[in-house]
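Enquirer:
2 protein chains.
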Amino acid sequence: MRTDPLADAELTYLMGLGFQLVLGEFVRRMDAAGHSDLRPVHGAVFQALKGHGATGTELAERLGVTKQAAGQLVDDLEARGYVRREPHPAGGRRKLVVLTEQAETHLRAAGRVLHGLEAELGASLGEAELAALRTGLARLIRELTGDRLPALRPQW
Amino acid sequence: MRTDPLADAELTYLMGLGFQLVLGEFVRRMDAAGHSDLRPVHGAVFQALKGHGATGTELAERLGVTKQAAGQLVDDLEARGYVRREPHPAGGRRKLVVLTEQAETHLRAAGRVLHGLEAELGASLGEAELAALRTGLARLIRELTGDRLPALRPQW
DNA sequence: CCGAGCGAGTAAAGCAACTTGACTTGGAGT
DNA sequence: ACTCCAAGTCAAGTTGCTTTACTCGCTCGG
Numbered sequence: 003m004r005t006d007p008l009a010d011a012e013l014t015y016l017m018g019l020g021f022q023l024v025l026g027e028f029v030r031r032m033d034a035a036g037h038s039d040l041r042p043v044h045g046a047v048f049q050a051l052k053g054h055g056a057t058g059t060e061l062a063e064r065l066g067v068t069k070q071a072a073g074q075l076v077d078d079l080e081a082r083g084y085v086r087r088e089p090h091p092a093g094g095r096r097k098l099v100v101l102t103e104q105a106e107t108h109l110r111a112a113g114r115v116l117h118g119l120e121a122e123l124g125a126s127l128g129e130a131e132l133a134a135l136r137t138g139l140a141r142l143i144r145e146l147t148g149d150r151l152p153a154l155r156p157q158w
Numbered sequence: 003m004r005t006d007p008l009a010d011a012e013l014t015y016l017m018g019l020g021f022q023l024v025l026g027e028f029v030r031r032m033d034a035a036g037h038s039d040l041r042p043v044h045g046a047v048f049q050a051l052k053g054h055g056a057t058g059t060e061l062a063e064r065l066g067v068t069k070q071a072a073g074q075l076v077d078d079l080e081a082r083g084y085v086r087r088e089p090h091p092a093g094g095r096r097k098l099v100v101l102t103e104q105a106e107t108h109l110r111a112a113g114r115v116l117h118g119l120e121a122e123l124g125a126s127l128g129e130a131e132l133a134a135l136r137t138g139l140a141r142l143i144r145e146l147t148g149d150r151l152p153a154l155r156p157q158w
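Here the protein sequences come in this chain order: Y and L.
Just so we're aligned, residue 3 is where the first sequence starts under this note's numbering, counting upward by one.
Just so we're aligned, residue 3 is where the second sequence starts under this note's numbering, counting upward by one.
Following this line, the structure appears as structure tokens:
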């Protein structure tokens, strides 16, 4: 009986590999559902814009990138019909970037896939195990951040 | 009393944010300890070479990148004294990439930082909670991979 | 033997997703 | 009116990978 290599792996390694696997499975299922034209970073943009939209600078802050990088993402998504630039109600040079119905549809599909994946994991790991994993992660995040949640960035 | 935004966050989001935070803390501590010249991906290289070293092609497979990319990493690390290219005992065009003592020193420092970080998390979250998190992650990884563990790649 | 081919390594160019630096412009303050 | 700030944008540079294409040792079938 050999020892499990995962049992004495570093917590950091376990978290990284776990995230990579879950995200990979998410992407695979989204592709299979016909949503292969967007990468995870676009999902982060949608999350940042959900609700009332944001200006380019606000979006950049929420994503943790420069405003130029945010502008390039918006250019791309605008050209493909996922967002619109509207004049900002507060005026000035500001523009309000808002999601189109096409993006809302994508967000709903992503939500369904995520919930389906989580439900399957709950079934195979056991709901109690999954709940313990969720609360463990939530407490670890609280411990390392305090109250302000930082942006989820698409790189190490 | 407001609801906790983390309580109904997606598992995928929790895992990504948790990993990012733990890794960020690791990098901060390594920097503070005077090891600011290597990025996490170099740690992955060291892990892949630990023990008996590897050829460039083997390294590429373990990292999940092309052999050219692996070769570039080795070029960089060799120029900075962390690895050596030795003639391969089995001959041929093969070369054996091995860690230098400088890399072993770095590995030991990284191990100390990781264990220190994990110990602090154990103290603040409670050892039971941390153990539950570890086993939850390990089971999730088993569930999504079967037996073959894939490489931990430095991107989403 | 020997030459055909395979696998390891490398060189060069391409590409994606950022960054840095420099500029334009609307509005606020004084 | 002048100045200045902040939002947005244009352009160029950087990084870290990939794709394409090659060179070089070795093995093996004829």
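Note that beta-carbon positions come from the ideal geometry of N, C-alpha and C, so glycine has one too.
Mind the definition here: the stretch 34–49 of chain Y touches the stretch 67–81 of chain Y only if three or more C-beta pairs lie below 8 Å; say whether that holds.
Expert: yes
Enquirer: Which partner residues of K69/L appear in the DSSP bridge assignment?
Expert: Secondary-structure assignment with DSSP links K69/L through no beta bridge to anything.
Enquirer: To which residues of the same chain is L139/L closer than 7 Å at the C-beta, ignoring the five residues directly before and after it?
Expert: Around L139/L: no qualifying Cβ.
Enquirer: By alpha-carbon positions, which one of R114/Y, G66/Y, L101/Y and L19/Y ends up nearest to H54/Y?
Expert: L101/Y
Enquirer: Going by Cα to Cα distance, which pick from R141/Y, Y84/Y, E129/Y and R30/Y is closest to H108/Y?
Expert: Y84/Y
Enquirer: Under a CB-based cut-off of 7 Å, is A133/Y close to chain L?
Expert: no
Enquirer: Please list the partners that A50/L has in chain Y, where partner means a Cβ-to-Cβ separation under 8 Å.
Expert: In chain order: nothing, as chain Y lies at least about 13 Å away.
Enquirer: How would you call Q104/L, buried or exposed, if buried means at least 16 neighbouring beta carbons within 10 angstroms?
Expert: The residue in question, Q104/L, is exposed, as its Cβ has fewer than 16 Cβ neighbours within 10 Å.
Enquirer: Report the three-state DSSP secondary structure of L154/L (helix, strand or coil).
Expert: coil
Enquirer: What are the boundary residues of the alpha helix (DSSP H) that E196/L is part of?
Expert: Since the first and last residues shown for chain L are 3 and 158, residue 196/L lies out of range.
Enquirer: Quick one: what's got a C-beta closer than 8 Å to L16/L's C-beta in the same chain, skipping five residues either side?
Expert: L8
Enquirer: Within 8 Å, do at least three Cβ pairs link the stretch 23–36 of chain L to the stretch 12–28 of chain Y?
Expert: yes
Enquirer: Buried or exposed: which applies to A125/L, given that a residue is buried once 16 or more other Cβ atoms fall within 10 Å of its Cβ?
Expert: exposed
Enquirer: What residue does the beta strand (DSSP E) around R30/Y start on, and which one ends it?
Expert: From DSSP, R30/Y is part of no beta strand (DSSP E) but of the alpha helix (DSSP H) over L13 to A34.
Enquirer: Closest by CA to A34/L, which one among L65/L, I143/L and A112/L?
Expert: Comparing Cα-Cα distances from A34/L to each of L65/L, I143/L and A112/L, the minimum goes to A112/L.
Enquirer: May I ask you to list, following chain order, the residues of the stretch 12–38 of chain L that have a beta carbon less than 7 Å from some beta carbon of chain Y?
Expert: For the stretch 12–38 of chain L, which is checked against every Cβ of chain Y, the residues closer than 7 Å are E12, L13, T14, Y15, L16, M17, G18, L19, G20, F21, Q22, L23, V24, L25, E27 and F28.
Enquirer: Is it buried or exposed, R136/L, if we count other Cβ atoms within 10 angstroms and call 16 or more buried?
Expert: Within a 10 Å sphere around the beta-carbon of R136/L sit 16 or more other beta-carbons, which makes this residue buried.
Enquirer: Measure from the alpha carbon of E122/Y to the alpha carbon of each residue in K69/L, K52/L and L146/L, then state which is nearest.
Expert: L146/L
Enquirer: Could you spell out the range, first to last residue, of the beta strand (DSSP E) harbouring P91/L?
Expert: Counting along the chain, P91/L falls outside any beta strand (DSSP E), and DSSP gives it neither H nor E.
Enquirer: Look at T59/Y and K69/Y and say whether their C-beta atoms are less than 7 Å apart.
Expert: yes
Enquirer: Expressed to the nearest angstrom, what Euclidean distance is found between the alpha-carbon atoms of A1/L and P152/L?
Expert: Residue 1/L lies beyond the stretch modelled for chain L, which goes from 3 to 158, so this question has no answer here.
Enquirer: Would you say Q157/L reaches chain Y, if we count a Cβ-Cβ gap shorter than 7 Å as a contact?
Expert: yes
Enquirer: Is the CB of L75/L under 7 Å away from at least one CB in chain Y?
Expert: no
Enquirer: Look up R86/Y in the DSSP assignment and say whether it is helix, strand or coil.
Expert: strand
Enquirer: Can you tell me the Cα-Cα spacing of H90/L and L61/L, whole angstroms?
Expert: 14 Å
Enquirer: So, is the C-beta of R141/Y closer than 7 Å to a C-beta in chain L?
Expert: yes
Enquirer: Distance, Cα to Cα, T57/L vs G94/L?
Expert: 11 Å
Enquirer: Is R150/Y buried or exposed, if buried means 16 or more other CB atoms sit within 10 Å of its CB?
Expert: Answer is exposed; the Cβ neighbour count stays below 16.
Enquirer: Could you confirm whether any beta carbon from chain L is found closer than 7 Å to the beta carbon of L127/Y?
Expert: yes
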